[in-house]
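Participant: Structure provided below as structure tokens; questions to follow.
Protein chains: 2
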Amino acid sequence: MELFFQALGDQTRLRLLNLMGDQEICVCYFVEILQQGQPKISRHLAYLRRAGIVQARREGKWMHYRIVMPPNIGAAQVLRQTLDWLKDERAMQADRARLNKACCSPARFNALAGAPKPIPVGCTSDCGSTIEVN
Amino acid sequence: MELFFQALGDQTRLRLLNLMGDQEICVCYFVEILQQGQPKISRHLAYLRRAGIVQARREGKWMHYRIVMPPNIGAAQVLRQTLDWLKDERAMQADRARLNKACCSPARFNALAGAPKPIPVGCTSDCGSTIEVN
DNA sequence: TTTACTTATACGCATTGACGAATATATTGG
DNA sequence: CCAATATATTCGTCAATGCGTATAAGTAAA
């Protein structure tokens with residue numbers, strides 16, 4: 008419980024969770040959208056993974072991250088409320104807007120040229136060689 | 008938002024919030040129930056106060072703390088959910104049980120001999136010289 | 001005003017965590 | 001195997017935090 012809230016107590020991690028909201032997203036998208044160094048993004052994703060809040064899936068060179076609801080009822084409810092809260096915040100809305108823009112025309116962002124787009128969760132079209140991590 | 012979750016990311020502070028749940032409680036009760044040093048309790052209460060999650064009221068020598076709902080809708084909802092979550096946790100239930108016992112017979116706890124009992128929130132029977140703090 | 005009592009804060013120390021830079025690991029394609 | 005790409009981890013540094021001890025601040029009563 009302590010660990011759970013500690014994981015939410017960081018601006019960068021909240022921004023990451025906000026972007027994942029309801030999609031599975033590639034690390035390179037986080038780096039591009041948040042305009043933060045790649046090691047920093049990876050570290051925070053690892054933190055969230057240790058806290059059991061996100062899961063990773065490898066697809067070739069790319070790693071996709073998505074939110075997983077905690078088995079504990081209380082934790083799941085708090086997490087859901089938190090995600091709703093994020094949607095109300097101006098800065099978070101701006102991040103989501105930038106993600107949508109990048110999603111629609113990845114070519115505009117050099118770094119995202121060949122990267123896989125975010126995938127809405129529940130879309131179980133297995134694209135081939137993907138491996139669940141953690 | 009970051010500060011809010013950081014405030015919840017500590018075991019002692021979660022125990023304090025659990026005990027306050029729906030009553031206003033005197034510092035000496037926290038010290039007795041949690042069996043922790045008084046400076047430690049005070050420090051964590053100060054942290055919660057800085058985060059805007061609790062308020063203090065002075066009554067003579069005693070300080071009473073109570074939870075205050077954040078003005079932000081999202082924060083309030085998350086806080087409420089969190090308090091409900093606490094009620095489901097074994098360790099937290101044990102703390103509440105000890106509080107009730109101490110409440111019913113403060114005389115049994117030396118340290119609580121003349122201390123004011125917890126007061127259910129909403130009970131606006133102003134007992135005289137009380138000062139809102141913060 | 002002196003004393004006792006309750007609570008808050010200052011101090012020193014140890015741990016944790018965040019960061020950038022550099023480097024390691026994993027995968028793909030030549 | 002080698003090079004290129006994407007991601008993870010390590011390292012050194014610095015700020016934040018938690019703790020116990022000691023002490024300060026506020027209040028009530030003698």
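Just so you know, the sequences run in chain order A and B.
Numbered per my numbering, the first sequence finishes at 141, counting up by one with no gaps.
Numbered per my numbering, the second sequence finishes at 141, counting up by one with no gaps.
The beta carbon of each residue, even a glycine, is placed where N, CA and C say it ideally should be.
1) Are any of the Cβ atoms in chain B nearer than 9 Å to that of glutamine 88 (chain A)?
2) Check the C-beta distance from threonine 19 (chain B) over to lysine 47 (chain B) and give it rounded, since I have them as a contact under 8 Å.
3) I'd like to confirm the pairing. Which residues does DSSP put opposite histidine 71 (chain B) in its beta bridges?
4) Below 7 Å on C-beta distance, what does glycine 144 (chain A) contact in chain B?
5) Would leucine 52 (chain B) and phenylalanine 37 (chain B) be called neighbours here (beta carbons separated by less than 9 Å)?
6) Among B:Val34, B:Ile60, B:Leu26, whose alpha-carbon lies nearest the alpha-carbon of glycine 67 (chain B)?
7) Would you report the Cα separation of glycine 135 (chain B) and arginine 73 (chain A), rounded to the nearest angstrom?
8) Return helix, strand or coil for proline 123 (chain A), following the three-state DSSP convention.
9) Go ahead and pull the three-state DSSP assignment for glutamine 18 (chain A).
10) Using a C-beta cutoff of 9 Å, does alanine 82 (chain A) count as contacting chain B?
11) Counting only beta-carbon atoms, is valine 75 (chain A) nearer than 9 Å to chain B?
12) Please report how far the alpha carbon of asparagine 25 (chain B) lies from the alpha carbon of proline 123 (chain A), in whole angstroms.
13) Less than 8 Å between the CB atoms is what I'm expecting for aspartate 91 (chain A) and glycine 81 (chain B), so what's the real figure, rounded?
14) For arginine 22 (chain A) and arginine 65 (chain A), what's the separation of their Cα atoms in angstroms?
15) Where do the N-terminal and C-terminal ends of the alpha helix (DSSP H) with asparagine 107 (chain A) fall, by residue?
16) For valine 61 (chain B) versus methionine 99 (chain B), is the C-beta distance shorter than 9 Å?
17) Going by DSSP in three states, methionine 8 (chain B) sits in which element: helix, strand or coil?
18) Residues of chain A with a CB under 9 Å from the CB of leucine 21 (chain B): which are they?
19) Measuring alpha carbon to alpha carbon, tell me which of A:Ala58, A:Trp69, A:Cys110 ends up nearest leucine 86 (chain A).
20) Buried or exposed: proline 125 (chain B), going by 16 or more other Cβ atoms within 10 Å of its Cβ?
21) Could you check whether the Cβ of alanine 29 (chain B) sits closer than 9 Å to any Cβ belonging to chain A?
Facilitator: By the coordinates alone:
1) Sequence index remark: in the first sequence, residue 88 (chain A) carries index 81 (1-based). With 9 Å as the cut-off, glutamine 88 (chain A) counts as an interface residue toward chain B.
2) For the purposes of this step, residue 19 (chain B) is identified with residue 12 of the second sequence, where counting begins at 1. For the purposes of this step, residue 47 (chain B) is identified with residue 40 of the second sequence, where counting begins at 1. Between lysine 47 (chain B) and threonine 19 (chain B) the Cβ distance is about 7 Å, and since that is below 8 Å, they are a contact.
3) Locating residue 71 (chain B) in the second sequence gives position 64, counting from the first residue. For histidine 71 (chain B), the beta-bridge partners assigned by DSSP are B:Cys33, B:Arg64.
4) Because chain A is modelled from 8 through 141, residue 144 (chain A) falls outside the range shown and cannot be assessed.
5) In the second sequence, residue 52 (chain B) corresponds to position 45, counting from 1. In the second sequence, residue 37 (chain B) corresponds to position 30, counting from 1. Taking 9 Å as the Cβ cut-off, leucine 52 (chain B) and phenylalanine 37 (chain B) qualify as a contacting pair.
6) On the second sequence, position 60 is the one that residue 67 (chain B) refers to. Considering only B:Val34, B:Ile60, B:Leu26, the residue with the shortest C-alpha distance to glycine 67 (chain B) is B:Val34.
7) Taking the second sequence and counting its residues from 1, one reaches residue 135 (chain B) at position 128. Taking the first sequence and counting its residues from 1, one reaches residue 73 (chain A) at position 66. Caution applies to glycine 135 (chain B), whose pLDDT of 40 falls short of 50 and renders its modelled position unreliable; the value that the coordinates give is listed next. Rounded to the nearest angstrom, the two C-alpha atoms are 55 Å apart.
8) In the first sequence, the residue the question calls residue 123 (chain A) occupies position 116. In the three-state scheme derived from DSSP, where H, G and I count as helix and E and B as strand, proline 123 (chain A) is classed as coil.
9) Along the first sequence, read from residue 1 onward, the residue named residue 18 (chain A) stands at position 11. It is helical.
10) Indexing the first sequence from 1 puts residue 82 (chain A) at position 75. True, the Cβ-Cβ gap to chain B drops below 9 Å.
11) For the purposes of this step, residue 75 (chain A) is identified with residue 68 of the first sequence, where counting begins at 1. Not one chain B Cβ lies under 9 Å of valine 75 (chain A).
12) Numbered from its first residue, the second sequence carries residue 25 (chain B) at position 18. Numbered from its first residue, the first sequence carries residue 123 (chain A) at position 116. Each residue's CA atom was taken as its position, placing asparagine 25 (chain B) and proline 123 (chain A) some 45 Å apart.
13) Indexing the first sequence from 1 puts residue 91 (chain A) at position 84. Indexing the second sequence from 1 puts residue 81 (chain B) at position 74. Cβ atoms of aspartate 91 (chain A) and glycine 81 (chain B) come within 8 Å of each other, at about 7 Å.
14) Sequence index remark: in the first sequence, residue 22 (chain A) carries index 15 (1-based). Sequence index remark: in the first sequence, residue 65 (chain A) carries index 58 (1-based). Answer to the nearest angstrom: the Cα atoms are 22 Å apart.
15) For the purposes of this step, residue 107 (chain A) is taken as residue 100 along the first sequence, with counting starting at 1. That run of the alpha helix (DSSP H) goes 97 to 111.
16) On the second sequence, residue 61 (chain B) is found 54 positions in, with the first residue counted as 1. On the second sequence, residue 99 (chain B) is found 92 positions in, with the first residue counted as 1. Not a contact, by the Cβ cut-off of 9 Å.
17) Taking the second sequence and counting its residues from 1, the one referred to as residue 8 (chain B) is at position 1. DSSP, reduced to helix, strand and coil, places methionine 8 (chain B) outside both helices and strands of the structure shown, so it counts as coil.
18) In the second sequence, residue 21 (chain B) corresponds to position 14, counting from 1. Neighbours of leucine 21 (chain B) in chain A, taken as residues whose beta carbon is under 9 Å from its own, are Met8, Glu9, Phe12 in chain order.
19) To locate residue 86 (chain A), count along the first sequence from 1; it is residue 79. Selected option, being the one with the closest Cα: A:Ala58.
20) What you label residue 125 (chain B) is simply residue 118 of the second sequence in a count that begins at 1. Residue environment for proline 125 (chain B): buried (at least 16 other C-beta atoms within 10 angstroms of its C-beta).
21) What you label residue 29 (chain B) is simply residue 22 of the second sequence in a count that begins at 1. Strictly speaking, residue 29 (chain B) in this sequence is aspartate, with alanine absent from that position. With a threshold of 9 Å between beta carbons, aspartate 29 (chain B) makes no contact with chain A.
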